[in-house]
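Asker: At position 20 of the sequence shown (counting the first as 1) the number is 1411 in the numbering used here, and the numbers step up by one without a gap.
Note that beta-carbon positions come from the ideal geometry of N, C-alpha and C, so glycine has one too.
The model shown is predicted, which means the values in this text are computed figures rather than measured ones.
Starting off with a structure, shown below.
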Amino acid sequence: MTKVKDIFNELCSYAPLELQMGFDNSGFLFGREEAAVSKALLSLDVTPAVVDEAAELGAELIISHHPLIFSPLKSVTDEKLLKLAANNISVISMHTNLDIAQGGVNDVLMGALGASVDAALDQDDCGRIGSLPVAMSMEEFLGLCKTVLKSKGLRYYDSGRPVEKLAVMGGSGGDSVETAFHLGCDTYLTADIKYHQFLQAAELGINLIDGDHFCTENLVMPVLAERLAGRFKELSFIVSARHCQLIDFA
């Protein structure tokens, strides 16, 4: 019988909790570690719709990227938490440790784009830099990004340079535009980019793409589900069908 703690230990072997950044709250966040698991739902976030989905599927465990609990709780009256408890659903969240880990969010993102992984982008081992096998026009690369990320749309600045040496950071990475430039990258793909960061890219002369927070990170969920299914062959690991890109484009 597989228990929550068995799956948690396996996830920690992929993305050790020691890798998480100081502000983070990754780990086994809700439930009973001795609870038996036959089915797990994987989702970038634990939203009310995802909790409902897990309950309807009969899943005993949700595995998320963004932590269910981030700030200290002063009360437990939240309907989402109460519904998790009522349905005996545990939650494991693997956040910045999964961003940083080899084979994690950023490695999966680079692999999906067909790029090599040559080094980490910053001193915290977040993000990645690498190269495409063949240089592409920005127009071609934007089409590739939109397809790979399954995005409804992209925000971008085109410096006029072809895309070859690439930097990525899944999720919020706008603060690393200058770092990517100084490492010799012609293009940087991340999310949650602010106006002044687009201005910075224009001044530096680097292509900058906002691929959406959800889209740049969610690629890891099916990869993680497949990996866990290979380890726990008697269990069912399902990627959420309800959680999707939140932002629309007119």
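#1: Is S1434 helix, strand or coil when you go by DSSP?
#2: Where does V1442 sit, in a helix, a strand or coil, going by DSSP?
#3: Could you check the C-alpha separation between M1612 and L1540 for me, to the nearest Å?
#4: Under the three-state reduction of DSSP, which class applies to M1501: helix, strand or coil?
#5: Following the continuous alpha helix (DSSP H) through I1491, name the residue where it begins and the one where it ends.
#6: In its own chain, which residues sit with a C-beta less than 6 Å from the C-beta of F1419, not counting the 5 before and 5 after it?
#7: Please state whether the Cβ-Cβ distance between P1458 and N1416 is less than 7 Å.
#8: Which runs of the beta strand (DSSP E) spanning at least 3 residues fall entirely within the region 1548–1587, listed in chain order?
#9: Let me know the secondary structure DSSP gives P1458 once reduced to three states.
#10: Does A1526 come out as helix, strand or coil in the three-state DSSP assignment?
#11: Assign M1392 to one of two classes, buried (16 or more other C-beta atoms within 10 Å of its C-beta) or exposed (fewer than that).
#12: Among residues of its own chain, excluding the 5 on either side of D1639, which ones have a beta-carbon nearer than 7 Å to its beta-carbon?
#13: Hey, would you say L1410 sits closer than 7 Å to A1510, going by beta carbons?
#14: Is it right to say E1625 is buried, meaning 16 or more other beta carbons lie within 10 angstroms of its own, or is it exposed?
#15: Taking C-beta to C-beta, are N1478 and A1446 nearer than 7 Å?
#16: Go ahead and pull the three-state DSSP assignment for R1423.
#17: In chain order, what residues of the same chain lie with their CB nearer than 8 Å to the CB of F1461, ignoring the 5 residues before and after it?
#18: Using C-beta distances below 6 Å, list every residue in its chain close to I1584, excluding the 5 sequence neighbours before and after it, in chain order.
#19: Excluding the 5 residues flanking A1632 on each side, which residues of the same chain have their C-beta closer than 8 Å to its C-beta?
#20: Note down the Cα distance separating S1455 from L1472, rounded to an integer number of angstroms.
Answerer: To lay it out plainly:
#1: Taking the first residue of the sequence shown as position 1, residue 1434 is located at position 43. Correct three-state label for S1434: strand.
#2: Against the sequence shown, residue 1442 aligns to sequence position 51. Three-state DSSP puts V1442 in a helix.
#3: Looking up residue 1612 in the sequence shown gives position 221. Looking up residue 1540 in the sequence shown gives position 149. Roughly 13 Å separates the two Cα atoms.
#4: Locating residue 1501 in the sequence shown gives position 110, counting from the first residue. DSSP places M1501 in helix when its eight states are reduced to three.
#5: Residue mapping note: residue 1491 aligns to position 100 of the sequence shown, counting from 1. Here the alpha helix (DSSP H) through I1491 covers T1487 to I1491.
#6: Taking the first residue of the sequence shown as 1, we reach residue 1419 at position 28. Around F1419: F1399 and I1483.
#7: What you label residue 1458 is simply residue 67 of the sequence shown in a count that begins at 1. What you label residue 1416 is simply residue 25 of the sequence shown in a count that begins at 1. For the 7 Å CB-CB criterion, P1458 and N1416 form a contact.
#8: Residue ranges of uninterrupted beta strand (DSSP E) with 3 or more members, entirely inside the region 1548–1587 and ordered along the chain, are 1554–1563 and 1578–1582.
#9: If you number the sequence shown from 1, residue 1458 lands on position 67. Assigned with DSSP and collapsed to three states, P1458 falls in coil, not helix or strand.
#10: To locate residue 1526, count along the sequence shown from 1; it is residue 135. DSSP places A1526 in strand when its eight states are reduced to three.
#11: Within the sequence shown, the letter at position 1 stands for residue 1392. The residue in question, M1392, is exposed, as its Cβ has fewer than 16 Cβ neighbours within 10 Å.
#12: As a working note, residue 1639 is residue 248 in the sequence shown. Excluding residues within five positions, the ones whose Cβ falls inside 7 Å are K1543.
#13: By one-based count along the sequence shown, residue 1410 stands at place 19. By one-based count along the sequence shown, residue 1510 stands at place 119. It is not a contact, given that the beta carbons lie outside the stated cut-off.
#14: Position 234 of the sequence shown holds residue 1625. By the neighbour-count rule (16 or more Cβ atoms within 10 Å), E1625 is not buried but exposed.
#15: Mapped onto the sequence shown, residue 1478 falls at position 87. Mapped onto the sequence shown, residue 1446 falls at position 55. Yes, the Cβ-Cβ distance between N1478 and A1446 is below 7 Å.
#16: On the sequence shown, position 32 is the one that residue 1423 refers to. R1423 carries a coil assignment under DSSP once its states are collapsed to helix, strand and coil.
#17: The residue you call residue 1461 lines up with position 70 of the sequence shown. Counting only Cβ-Cβ distances below 8 Å, and skipping sequence neighbours, we find N1416.
#18: The sequence position of residue 1584 within the sequence shown is 193, counting from 1. Correct list, in chain order: G1565 and D1601.
#19: As a working note, residue 1632 is residue 241 in the sequence shown. Answer for A1632: E1444, listed in chain order.
#20: Indexing the sequence shown from 1 puts residue 1455 at position 64. Indexing the sequence shown from 1 puts residue 1472 at position 81. Straight-line Cα distance between these residues: approximately 14 Å.
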